[in-house]
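Positions 193 to 256 (the numbering used here) are the ones given, in order, by the sequence shown.
Below is one structure, written out as structure tokens; the observations come after it.
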Amino acid sequence: MQKEYKSKNVSVFLSFVLAFAMLLLSSFSAFAIGPNEDGVYEVPIEMWHAEKDRTSMGDSYIIH
């Protein structure tokens, strides 16, 4: 009985530690260092064919 009680306490403790770590890490935004002002941003992009090593036919419809 004592062993089951100890195992349950360890599980509860580790659950709280994991929950706290997830809360702490989720508070840091991955985009915090990026631009945060309103505006228009341009990103270079090419649409590639799914099976062949060439640009897709849909690439010409993207405004470059």
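Using N, Cα and C, we set each Cβ at its ideal position, and we do this for glycine too.
Closest Cα partner of Ile237 within the set Glu229, Glu243, Gly231 and Tyr253: Residue mapping note: residue 237 aligns to position 45 of the sequence shown, counting from 1. When only C-alpha atoms are compared, the closest one is Tyr253.
Residues near Val232 by beta carbon distance below 8 Å, same chain, minus five either side: Locating residue 232 in the sequence shown gives position 40, counting from the first residue. Excluding positions up to five away in sequence, the list is empty.
Between the CA atoms of Ser218 and Ile255 - distance to the nearest angstrom: Counting from one through the sequence shown, the residue named residue 255 turns up at place 63. Counting from one through the sequence shown, the residue named residue 218 turns up at place 26. If I take the Cα positions, the gap works out to 35 Å.
For Thr247 and Trp240, the rounded distance between their alpha carbons: Indexing the sequence shown from 1 puts residue 240 at position 48. Indexing the sequence shown from 1 puts residue 247 at position 55. Trp240 and Thr247: Cα-Cα distance of roughly 4 Å.
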